[in-house]
Amino acid sequence: DGKGAPPGNSEGMLANFFNSLLSKKTGAAA
Amino acid sequence: SMDRSHLCQSLIKWLNTFNVTVKNQTVEDFSDGIAVAQVLRQIAPDYFNEAWFKKLKVEDDLNWRLKVSNLKKVLNGILEYNMEVLGIQIQGFQMPDVNLIGEHYDSVETSRLLQLVLGCAVNCAEKESHIHNILKMEESVQQMIMNAIQELMSKE
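Residue numbers (this note's numbering), protein chains in the order written: chain A, 1172 to 1201; chain B, 37 to 192.
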């Protein structure tokens, strides 16, 4: 429907997102 | 907004990467809370421990009231784990209607429950292995999972 990410870009976008998630600090007890 | 029926299918595919002893293929398979509880035990075994798991009824062909009772305990466990261990308070997220899951196998409501399980996985102490497992999945599933996590993060 034309509202999604442009083709060819999604792999990099996914990698960026999940990498940022890996570096995010969480955990009240950490 | 998200196509929640599609999201539900993607989240079930993700949950299939965990080892459980019960059926875990269809929305109905998730309607008694047991498959979800077994996944939670793998995500945070110290919190979702044997004593917690024993509060659930594990039988074939549970009636819908007992399924809903299990689902309430699972949902409460998820919310308490977020507060007590992760330090995350989820606000403004539409919580799953466990009656609709237990009685009608509603895929929209099931997607909300499974989305909360996803939130536990990507914030827990072992999140690295969970995120790496997500990255092994097909790109369309990763996309749905990313959207689901982003929505949750916007409600923390």
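Glycine included, every Cβ here is placed at the ideal spot set by N, Cα and C.
These numbers were taken from a predicted model, which means no experiment stands behind them.
_Once the 5 residues before and after Gln130/B are set aside, which same chain residues still bring their CB inside 7 Å of it?_
Arg148
Collapsed DSSP secondary structure at Ile48/B in the structure displayed: helix
Could you give the distance in angstroms between the alpha-carbon of Ala198/B and the alpha-carbon of Leu43/B? Because residue 198/B is not part of the residues shown, which for chain B are 37 to 192, the question remains open.
> So, is Ala71/B buried or exposed, given that buried needs 16 or more other C-beta atoms within 10 angstroms?
Replying inline: The residue is buried, with at least 16 neighbouring Cβ atoms inside 10 Å.
| task | Determine, using beta carbons only, whether Ile193/B and Leu150/B come nearer to each other than 8 Å. | result | Residue numbering for chain B in the displayed model covers 37 to 192; residue 193/B lies beyond these limits and cannot be assessed.
* Could you give the distance in angstroms between the alpha-carbon of Phe1189/A and the alpha-carbon of Lys1195/A? -> 10 Å
Notebook entry, point to check: Who are the near neighbours of Val58/B in its chain, counting only those whose CB is closer than 6 Å to its CB and skipping five residues on each side?
Noted result: Excluding residues within five positions, the ones whose Cβ falls inside 6 Å are Ile70 and Ala71.
ask   = For chain B, is any of its Cβ atoms less than 8 Å away from the one on Ser1135/A?
value = There is no way to answer for residue 1135/A, as the model of chain A reaches only from 1172 to 1201.
Below 8 Å, can you find three or more Cβ-Cβ pairs linking the region 123-141 of chain B to the region 74-94 of chain B?
no
Relative to the C-alpha of Leu102/B, which candidate in Asp65/B, Lys163/B, Asp82/B and Gly138/B has its C-alpha closest?
Leu102/B has its Cα closest to that of Gly138/B, out of Asp65/B, Lys163/B, Asp82/B and Gly138/B.
Checklist entry - Are the CB atoms of Leu47/B and Leu122/B nearer to each other than 8 Å? => result It is not a contact, given that the beta carbons lie outside the stated cut-off.
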